[in-house]
Amino acid sequence: MPRATFPGGVHPYEGKELTMDKPMKTILPKGDMVYPVSQHIGAPAKPVVAVGDRVLTGQLIAEAGGFVSAPVYATVSGKVKAIEPRRLATGAMCNSIIVENDGLYEEVEWPRMKPVDEMTTEEKIEAIRNAGVVGMGGAGFPTAVKLAPKEPDKIEYVIANCAECEPYLTSDYRRMIEEPELVIGGLKIAVSLFPNAQGIIAIEDNKPEAIRKMTELTADEEKITVKALQTKYPQGGERMIIYACTGRSINSSMLPADAGCIVDNTDTLAAIYRAVTEGKPLMERIVTITGDAIVDPCNYKVRIGMNYRELIDDAGGFVTEPAKIISGGPMMGFAIFDLDVPTTKTASAMTCLTKDAVAEIEPSACINCAKCVEVCPERLIPKDLADAVEHNDEERFVRQYGVECIECGSCSYICPARRQLAQLIKGMRKIQLGKRAAAAKK
Ligand code: SF4
Ligand code: SF4
Numbered sequence: 006m007p008r009a010t011f012p013g014g015v016h017p018y019e020g021k022e023l024t025m026d027k028p029m030k031t032i033l034p035k036g037d038m039v040y041p042v043s044q045h046i047g048a049p050a051k052p053v054v055a056v057g058d059r060v061l062t063g064q065l066i067a068e069a070g071g072f073v074s075a076p077v078y079a080t081v082s083g084k085v086k087a088i089e090p091r092r093l094a095t096g097a098m099c100n101s102i103i104v105e106n107d108g109l110y111e112e113v114e115w116p117r118m119k120p121v122d123e124m125t126t127e128e129k130i131e132a133i134r135n136a137g138v139v140g141m142g143g144a145g146f147p148t149a150v151k152l153a154p155k156e157p158d159k160i161e162y163v164i165a166n167c168a169e170c171e172p173y174l175t176s177d178y179r180r181m182i183e184e185p186e187l188v189i190g191g192l193k194i195a196v197s198l199f200p201n202a203q204g205i206i207a208i209e210d211n212k213p214e215a216i217r218k219m220t221e222l223t224a225d226e227e228k229i230t231v232k233a234l235q236t237k238y239p240q241g242g243e244r245m246i247i248y249a250c251t252g253r254s255i256n257s258s259m260l261p262a263d264a265g266c267i268v269d270n271t272d273t274l275a276a277i278y279r280a281v282t283e284g285k286p287l288m289e290r291i292v293t294i295t296g297d298a299i300v301d302p303c304n305y306k307v308r309i310g311m312n313y314r315e316l317i318d319d320a321g322g323f324v325t326e327p328a329k330i331i332s333g334g335p336m337m338g339f340a341i342f343d344l345d346v347p348t349t350k351t352a353s354a355m356t357c358l359t360k361d362a363v364a365e366i367e368p369s370a371c372i373n374c375a376k377c378v379e380v381c382p383e384r385l386i387p388k389d390l391a392d393a394v395e396h397n398d399e400e401r402f403v404r405q406y407g408v409e410c411i412e413c414g415s416c417s418y419i420c421p422a423r424r425q426l427a428q429l430i431k432g433m434r435k436i437q438l439g440k441r442a443a444a445a446k447k
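Position in the sequence shown counted from 1, then plus 5, gives you our numbering.
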């Protein structure tokens with residue numbers, strides 16, 4: 006029997022009450038728009054506009070740079086002001102197309118799409134590819150590539166990842182409550198690509214209203230079921246949600262398709278729906294601006310490329326200077342130091358906190374309590390892996406399956422000695438994955 010949870014995991018403070026009941030607010034950007042050419046895994050997109058060009062909302066401004074890549078579209082009308090490196094929320098610099106927003110929001114003429122029922126599988130995937138849809142839960146993997154596995158007949162489950170287990174985040178929740186038809190429509194399209202697949206809408210049980218709504222709206226859909234998952238972090242991790250829904254396991258050398266599964270995030274499904282039925286590129290996403298340092302925490306429907314500072318200002322600014330600003334949520338997000346960064350296809354939140362619980366407590370020596378082992382969803386021994394990293398012992402790290410870490414942060418969260426376990430493991434894991442990729446190329 007499929008299980009509705011996974012081994013391990015933690016129960017951090019949810020913080021969702023700050024924005025859960027706040028309807029999505031549509032906000033039009035005022036300032037310049039910044040479009041990084043790398044908002045996805047794979048080759049950067051290649052600019053197809055030049056400085057001085059006028060662009061329209063929905064116009065292609067950078068084409069895919071390879072098979073595993075995704076195009077980028079303007080989300081406002083205006084003039085291309087510069088093409089230059091700009092800082093992202095991750096702290097990295099990325100070549101970006103800067104558009105001076107003229108405030109007119111003139112649009113391109115949208116293509117006329119065939120009815121979905123008359124489209125072939127290839128036509129649907131092409132529409133998704135052309136629209137620049139990528140995994141919007143944070144991974145940024147091009148969705149058209151994910152939806153075209155080598156053996157489509159072997160896909161049995163398309164899982165709508167509506168768990169949203171990361172504390173504070175409510176963007177997926179609001180999409181489910183306010184625009185469920187987009188999510189269900191996107192899932193139906195994804196399921197239709199595979200002859201033997203059924204769809205599962207997987208939602209944590211701390212969102213009963215979303216479970217009720219989705220169940221009601223899919224009552225007549227033979228191929229779609231709604232599955233309530235136990236509320237536990239990191240339930241929305243790809244490996245965790247596959248296990249919870251199907252009882253199947255994958256590791257770092259496998260793709261979900263190897264276990265007969267495709268997993269797509271809530272917002273990604275909405276983007277799939279728009280791409281296939283309306284021919285519209287990925288131009289907007291839902292962003293949660295939250296945390297106890299924000300005057301009026303909100304969920305925004307944002308045009309991608311808009312500056313985060315405009316969102317923070319619209320949310321009333323800061324109650325007091327935040328001790329920590331995180332792009333994403335507190336478990337898997339990363340601290341940022343500059344608000345002048347653009348929203349991208351993959352960024353779902355900005356969490357601003359008055360206390361930095363991590364910085365306030367000095368790490369101390371391990372007390373061998375084994376709590377990190379109990380919570381690790383990958384059944385690793387985080388304390389040993391961290392030891393291996395501290396001794397630069399790569400062989401031990403690999404022998405103890407360090408590359409299987411999913412960087413969920415549960416071990417760091419639970420550790421009473423406040424050891425930065427996940428941070429240490431993450432660094433070494435990145436090196437090992439790089440070595441593995443280089444060896445595979447030889
Ligand atoms: S070792 Fe990795 S997978 Fe395990 S709890 Fe720590 S961060 Fe998560
Ligand atoms: S949770 Fe922290 S203190 Fe306990 S065994 Fe793991 S590293 Fe050591």
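No residue lacks a Cβ here, since even glycine has one placed at the ideal position from N, Cα and C.
- For the pair D122 and G83, the CB atoms are not nearer than the 8 Å cut-off.
- One thing to note: P172 has its Cβ no nearer than 8 Å to the Cβ of P368.
- Note: S197 is not bridge-paired with any residue in the DSSP secondary-structure output.
- Setting aside the 5 residues that flank it on each side, L109 is surrounded in the same chain by S82, each with a C-beta closer than 6 Å to its C-beta; the list follows chain order.
- I419 has its CB nearer than 7 Å to a heavy atom of ligand 2.
- Cβ neighbours of A48 within its own chain (closer than 6 Å, five residues either side excluded): G70, G71, S74.
- Y278 sits in a helix when the DSSP states are folded into three classes.
- With a cut-off of 8 Å on Cβ pairs, the segment 223-238 is in contact with the segment 194-214, counting three or more such pairs.
- A distance criterion of 7 Å places the beta-carbon of I372 in contact range of ligand 2, judged by its closest non-hydrogen atom.
- In this structure, P213 has its CB at a distance of at least 7 Å from all heavy atoms of ligand 1.
- Around the Cβ of Y178, a 10 Å sphere holds 16 or more other Cβ atoms; the residue is buried.
- Ranked by Cα distance from I133, the options N166, K212, G191 are led by G191.
- Here the segment 270-280 does not lie against the segment 31-43, with fewer than 3 beta-carbon pairs under 8 Å apart.
- Taking the Cβ of L260 as the reference point, every heavy atom of ligand 2 lies at 7 Å or farther away.
- In the DSSP assignment, V54 falls outside any alpha helix (DSSP H), carrying neither H nor E.
- Separation of V378 and V15 (C-alpha to C-alpha, rounded to the nearest whole angstrom) is 12 Å.
- About 4 Å separates the Cβ atoms of L426 and P387, confirming a contact at the 8 Å cut-off.
- The beta carbon of G13 sits closer than 6 Å to the beta carbons of V380, C381, P382 from its chain, once the five residues preceding and following it are set aside; these are given in chain order.
- In the structure shown, C99 falls within a strand segment according to DSSP collapsed to helix, strand and coil.
- Contact annotation: L65 and V53 have beta-carbon atoms nearer than 8 Å.
- No heavy atom of ligand 2 is found nearer than 7 Å to the CB of P382.
- The three-state reading of DSSP puts Q437 in helix, counting H, G and I together.
- Between the segment 86-100 and the segment 335-344 there are three or more inter-stretch CB-CB distances shorter than 8 Å, so the stretches are counted as touching.
- Note on geometry: alpha-carbon atoms of P76 and G137 lie some 5 Å from one another.
- Inter-residue distance for S415 and R424 is about 12 Å (C-alpha atoms, whole angstroms).
- Restricted to the segment 103-187, the beta strand (DSSP E) segments that are unbroken, complete and at least 3 residues in length are 162-166, listed in chain order.
- A residue is called buried once 16 or more other Cβ atoms fall within 10 Å of its Cβ, and Y162 is buried on that count.
- Counting along the chain, Y18 sits inside no alpha helix (DSSP H), nor does DSSP assign it H or E at all.
- As DSSP reads the structure, D392 sits in no beta bridge.
- For ligand 2, a non-hydrogen atom lies closer than 7 Å to the CB of C377.
- Between V292 and S332 the beta-carbon gap is near 10 Å, outside 8 Å, which marks them as no contact.
- Minimum Cα-Cα distance from E227 among the listed residues N211, I216, Q240, I189 corresponds to I189.
- In the three-state DSSP reduction, A215 falls in the helix class (H, G or I).
- Relative to ligand 2, P52 has its C-beta separated by 7 Å or more from all heavy atoms.
- For K431, the Cβ stays outside the 7 Å cut-off from all heavy atoms of ligand 2.
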